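When we follow full-length UniProt numbering, the leftmost residue of the sequence shown carries the number 1, and every step to the right adds one.
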Amino acid sequence: MPSREKILEKLAKTLDAERFEHCLRAEKIALALAKKYRVSTAKTSLAALLHDCARRYDRPALLRQARRLGLPIDPIRRFEPKLFHGEIGADLARREFGVRSTEIQRAISRHTTGAPGMTALEKVIYLADHIEAGRDFPGVGRFRKLAFADMDRAIYESTSAMIRFLLEKNLPVYPLTVETRNYFLSKL
1 MPSREKILEK LAKTLDAERF EHCLRAEKIA LALAKKYRVS TAKTSLAALL HDCARRYDRP
61 ALLRQARRLG LPIDPIRRFE PKLFHGEIGA DLARREFGVR STEIQRAISR HTTGAPGMTA
121 LEKVIYLADH IEAGRDFPGV GRFRKLAFAD MDRAIYESTS AMIRFLLEKN LPVYPLTVET
181 RNYFLSKL
């Protein structure tokens, strides 16, 4: 596995300062969640640091990368190419950062929309991205506390809040996000 130092060095060169700091904050809370839920801290650290490595791309570049990877470009992801950044990031983690672990790649891939049946590592990265200390939206404090009490409920509630936000803004909701919400509702 690549060293944390090498990853930080490369991320600092490829991400803007705000995104780089977000990744560090996501790593911090992800490691706390990993310790609580007995998830590998080594894998958690790499996945959290790299989860947004593809955010260096602008909209046209995300679409080009999606085409290169053969990802389906449906109307919602054409409208909002940022939805590709998890899957593209997983590919970058493998190709540019030397991450061979499919567990880490999958956690990076799924952090944007979530997915039914996520592993503990995937849940940790999904939640860490949503609740890191720089996030400031209604309910985030409650979601932070809930993440340490019941990850499944935290995913259900934070995903439900995200869907409400998108609907209020008259924005499309990606179907996998709805599937994620419904899956975690069924687990309560």
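The C-beta atom is built at its ideal place from N, Cα and C for all residues, glycine as well. Bear in mind that the values here come from a model prediction, so they are computed numbers and not experimental data.
{"Asked": "Which runs of the alpha helix (DSSP H) spanning at least 4 residues fall entirely within the stretch 63-91, listed in chain order?", "Found": "75-79"}
{"Asked": "Here's a check: name, in chain order, each residue in its chain whose Cβ is nearer than 6 angstroms to the Cβ of ILE88, leaving out the five neighbours to either side.", "Found": "ALA54, GLN65"}
{"Asked": "Under a Cβ-count criterion, where at least 16 other Cβ atoms within 10 Å of its own Cβ denotes burial, should LEU127 be classed as buried or exposed?", "Found": "buried"}
{"Asked": "Identify every run of the alpha helix (DSSP H) within the stretch 123-181, keeping only runs that are complete inside it and at least 4 residues long; order them along the chain.", "Found": "140-149, 151-168"}
{"Asked": "Please report the residue range of the alpha helix (DSSP H) in which ARG110 lies.", "Found": "102-110"}
{"Asked": "Compute the Euclidean distance between the alpha carbons of VAL99 and GLU18, then round it to the nearest angstrom.", "Found": "24 angstroms"}
{"Asked": "Report back the beta-carbon spacing between GLU85 and ASP52 to the nearest angstrom; my notes put them in contact at under 8 angstroms.", "Found": "Note on residue identity: the sequence assigns His, not Glu, to residue 85. Right, their Cβ atoms sit about 7 angstroms apart."}
{"Asked": "Let me confirm a value: ARG181 is counted as buried when at least 16 other C-beta atoms fall within 10 Å, else exposed. Which label applies?", "Found": "buried"}
{"Asked": "Hey, quick one: how far does the alpha helix (DSSP H) through SER3 stretch, first residue to last?", "Found": "Run containing SER3: none; DSSP gives neither H nor E here."}
{"Asked": "Can you give the beta carbon distance from ILE29 to ILE125, rounded, assuming they're within the 8 angstroms contact cut?", "Found": "Not really, about 10 angstroms apart at Cβ, beyond 8 angstroms."}
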